[in-house]
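A.B. asks: So the protein sequences, as listed, match chains W and Y. For the first sequence, our numbering begins at 3 and goes up steadily by one. For the second sequence, our numbering begins at 18 and goes up steadily by one. For every residue, glycine included, the Cβ atom is placed at its ideal position computed from N, Cα and C. Treat the numbers as computed from the prediction; the structure is a model and nothing was measured. Got a structure here, written out as structure tokens. Questions coming.
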Amino acid sequence: EVQLVESGGGLVQPGGSLRLSCAASGFTFSRYWMNWVRQAPGKGLEWVANIKDDGSGKNYADSVRGRFTISRDNAERSLYLQMNSLRVEDTAVYYCAGAHPYNGNTHWGSWGQGTLVTVSS
Amino acid sequence: QSVLTQPRSVSGSPGQSVTISCTGTSSDVGGYEFVSWYQQHPGKAPKLMIYDVTKRPSGVPDRFSGSKSGNTASLTISGLQTEDEADYYCCSYAGSPFVFGTGTNVAVL
């Protein structure tokens, strides 16, 4: 069974940092692009960042570029999102989303259950 | 990166058909054959329903179909069922970023 399990969310003050993790199982993690997608409370989905299967390519939304860093450890089957200089508007549920079982990275068939990040003083 | 425009809500009775539009620009919807649709029930993760404009993942009922004309993509649910009541989001590749739609709530009356 394919599983993506996020962790690391919580309450942080504006300007603070947080590192999210996503543990993958049930598929060959190293073969697929991975993404972070977020959803502010009561709002729509927003793509945040993605990373190529071998980690050699990374892309970011304008809203997080320069503050967030996506990374992965294929040996550990894990995806990460380092979030620095957090703002109130970064408050959201953060989903780990994978291209599995599809090639490329234009749609995502595998999703985690999400982890809530709250940025507030 | 702007968002794609969807109607806030659509509704229909069981057995009826509803269509959700998703309007973008030539830089996203109109420029690529990479439009996907996601269904999201309250408190749950999104689920892929349509990809590459018209393709349906294994396990998705064939009452769900997708199309595109110019800068507007559409999702049609034929033979609406109570379990289809959810939020639906379109998504388009737009170069290196991706852009989502504003979301549409489908109500089954």
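Identify the residues that DSSP records as bridge partners of Y:Thr-40: which are they?
C.D. replies: Y:Thr-22 and Y:Thr-89, per the DSSP bridge assignment.
A.B. asks: What residues in the stretch 102 to 115 of chain W bring their beta carbon closer than 8 Å to a beta carbon of chain Y?
C.D. replies: Answer in chain order: Tyr-104, Thr-108, His-109, Trp-110, Gly-111, Trp-113, Gly-114 and Gln-115.
A.B. asks: Going by Cα to Cα distance, which pick from Y:Gly-118, Y:Gly-112 and Y:Leu-97 is closest to Y:Val-125?
C.D. replies: Closest by alpha carbon: Y:Leu-97.
A.B. asks: So that I know if they touch, is there some Cβ in chain Y lying closer than 7 Å to that of W:Trp-38?
C.D. replies: False, the Cβ-Cβ gap to chain Y never drops below 7 Å.
A.B. asks: Starting from W:Lys-60, follow its DSSP beta bridges and name the residues at the other end.
C.D. replies: W:Ile-53.
A.B. asks: In the DSSP output, what is W:Asp-75 paired with across the bridge?
C.D. replies: W:Asp-75 pairs with W:Ser-80.
A.B. asks: Within the 7 Å Cβ cut-off, does W:Ala-25 reach chain Y?
C.D. replies: No, W:Ala-25 does not count as interfacial toward chain Y.
A.B. asks: Within this structure, are the beta carbons of W:Ala-99 and W:Asn-61 separated by less than 7 Å?
C.D. replies: Contact: no.
A.B. asks: Kindly say whether W:Trp-35, judged by its beta-carbon, lies nearer than 7 Å to any beta-carbon of chain Y.
C.D. replies: No - not a single Cβ of chain Y is within 7 Å of the one on W:Trp-35.
A.B. asks: Just to confirm, is the Cβ distance from W:Glu-8 to W:Gly-114 under 7 Å?
C.D. replies: Against a cut-off of 7 Å, the Cβ pair of W:Gly-114 and W:Glu-8 comes out as a contact.
A.B. asks: Whether or not the stretch 10 to 19 of chain W and the stretch 34 to 52 of chain W are in contact is what I'm after, with contact meaning three or more pairs of Cβ atoms, one per stretch, closer than 8 Å; do they touch?
C.D. replies: Touching, no.
A.B. asks: Closer than 8 Å is the cut-off here; do at least three beta carbon pairs connect the stretch 83 to 97 of chain W with the stretch 106 to 122 of chain W?
C.D. replies: At 8 Å Cβ cutoff, the stretches touch.
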